[in-house]
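A short worksheet on the structure shown next.
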Amino acid sequence: MRTAIAGLALLGLAISAYLTWVHYAGIEPVCTGISDCERVQGSEYAELVGIPVALLGVAGYAALLGSLWVRVELTALLSYFALAFSAYLTWAELFRIDAICQWCVVSALTTLAIAVLATLRALGAPLHHRPLS
Amino acid sequence: MGTMTRTSMLTRLGLLAALAVVAVFAVVALAGPGKSEPARSGAAPDSLLGGIPQSGITLGSPDAPVTLVEFADLQCPFCAQYERDVLPDIVRRYVRTGKLRLELRLLRFLGPDSDRLARAAAGAGAHDRMWQFVALAYQRQGRENSGYATQDFIEGLAADAGIRSLDAGTAAERQVRRAEQAARTLGIDSTPSFLIGRTGGRLSTFQPGELTPGAFVPRIEKELQG
């Protein structure tokens, strides 16, 4: 389970790192036909208090990865943060920017999968206070 | 693991999820774009224009086979519409790929705000950042002739366009006069108006049926083949 989450977090980390690089290099991300990444990346929603959301993604996925060796609840908490933030960004893409970028969609699905796995992992984990039989 | 403990973990996770949702909602509501002041960051124009050669009033490679000239007034709402709805597509498809170069000739027939903005944009052209300046001016376009283009407003545009000291003096004035003279010669009396043709050759007036990329693309393609 931990390996699966780590794999997904690495995928998210790679996407965010790529988008952060694109953001600072001022170039266009590679984009499929139906999406308009340039518009999404160039929108006011691409930054939160001056920080590119892609950079927040890098930090988030890195924290998720690190949390896998701390406590199961921490991974779950971070994954819920990531999922809530992704949901907000997806809402912004659909209803405010009127454009979608496939990188963001993949990242949103990745956080969804991580949140599901992190929840299952927390529920299945041996508890710290297992009652003595 | 007993049922009780599994339930308590479920409760705990539920609380964590609620905490995450509330926290993200709070941050977004407080710091998200919806709440920010109309003055926005200069990142947006640079993401479209970054890396494209710029010189004075022109955007794009000097070797591009086709030239599209726009006559505009920075207060004109249809010019802002063109900038928002048409320009990004044209820039991505034709300018960034070296097929098209754009020239922007700014007029000031709407009023004093237009005059101040046109001269300031010409000043931005001296730094080869006119297109960034213009993009921001359209994004923050105010009510026509409301006096919104104050010195502070213009300095804000310049700073966000990455220009340290803007000189909207005599050289800028000369450039705007050249644009006005060209407009008179061509009989242009509304904005946005367009000229298109092979670079270095004779340009002809072009009236798009509507301000959408679809109205421009066939004409640009035709010139590219011609």
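From first to last, the protein sequence lines stand for chains C and Z. So for the first sequence, the numbering used here puts the first residue at 1; every next one is plus one. So for the second sequence, the numbering used here puts the first residue at 1001; every next one is plus one. Glycine is no exception: its CB is placed at the ideal position from the N, C-alpha and C atoms. Since the model is a prediction, treat every value here as computed from it, not as a measurement.
Exercise for the section: Taking C-beta pairs closer than 8 Å, name the residues in chain Z that residue 102(C) reaches, listed in chain order. Expected result: Simply none; closest approach about 16 Å.
Exercise for the section: Measuring only between beta-carbons, confirm whether residue 58(C) sits less than 7 Å from chain Z. Expected result: no
Problem - Backbone CA spacing between residue 1128(Z) and residue 1100(Z) [nearest angstrom] - result: 18 Å
Handout entry: Option nearest residue 101(C) by Cα separation, candidates 123(C), 1(C), 23(C), 32(C)
Key = 32(C)
Handout entry: Partners in chain C for residue 1006(Z), counting only beta-carbon separations shorter than 7 Å
Key = 123
Practice task
Answer with yes or no whether the minimum CB distance from residue 1016(Z) to chain C is below 7 Å.
Solution key: yes
Handout entry: 7 Å Cβ cut-off: residues of chain C touching residue 1013(Z)
Key = 76, 119, 122
Practice task
In the DSSP assignment, find the unbroken beta strand (DSSP E) run with residue 1205(Z) in it and report its ends.
Solution key: 1204 to 1206
Practice task
Leaving aside the five residues before and after residue 103(C) along the sequence, list all residues of the same chain whose C-beta is less than 7 Å from its C-beta, in chain order.
Solution key: 15, 19, 29, 37
Exercise for the section: Residues of the segment 39 to 53 of chain C with a CB closer than 9 Å to any CB of chain D: list them in chain order, please. Expected result: Among the chains of the structure shown, chain D does not appear; the protein chains present are C and Z.
Exercise for the section: Between the Cα of residue 1033(Z) and those of 52(C), 76(C), 78(C), 48(C), spot the shortest distance and give me the residue it belongs to. Expected result: 48(C)
Exercise for the section: Consult DSSP for residue 1210(Z) and reduce its assignment to one of helix, strand or coil. Expected result: coil
Handout entry: C-alpha gap between residue 1121(Z) and residue 1139(Z), whole angstroms
Key = 14 Å
Exercise for the section: Report yes or no: do the segment 1059 to 1066 of chain Z and the segment 1139 to 1153 of chain Z share at least 3 C-beta pairs separated by less than 8 Å? Expected result: no
Problem - Residues near residue 1193(Z) in its chain [Cβ-Cβ closer than 6 Å; skip 5 each side] - result: 1071
Handout entry: Own chain, CB closer than 7 Å to residue 1080(Z), minus 5 neighbours either side, in chain order
Key = 1138, 1141
Problem - Distance between residue 120(C) and residue 1160(Z) (C-alpha atoms, nearest Å) - result: 47 Å
Handout entry: Pairwise C-alpha distance: residue 46(C) and residue 53(C)
Key = 6 Å
Exercise for the section: Closer than 9 Å by beta-carbon distance: list the chain C residues that pair up with residue 1023(Z), in chain order. Expected result: 81, 84
Practice task
Just the C-alpha distance for residue 1020(Z) and residue 1027(Z), rounded to the nearest angstrom, thanks.
Solution key: 11 Å
Handout entry: residue 1137(Z) at chain C interface by Cβ criterion, 7 Å
Key = no
Exercise for the section: Would you list, in sequence order, the uninterrupted beta strand (DSSP E) runs of no fewer than 3 residues that lie entirely inside the segment 1058 to 1111 of chain Z? Expected result: 1066 to 1072, 1100 to 1106
Practice task
Assign residue 1013(Z) to one of three DSSP states: helix, strand, or coil.
Solution key: helix
Practice task
Compute the distance between the beta-carbons of residue 40(C) and residue 99(C), then report whether it is under 7 Å.
Solution key: yes
Practice task
Would you kindly report the start and end of the unbroken beta strand (DSSP E) that includes residue 1194(Z)?
Solution key: 1193 to 1198
Practice task
For residue 18(C), decide whether its Cβ has a neighbour in chain Z, counting only Cβ atoms nearer than 7 Å.
Solution key: no
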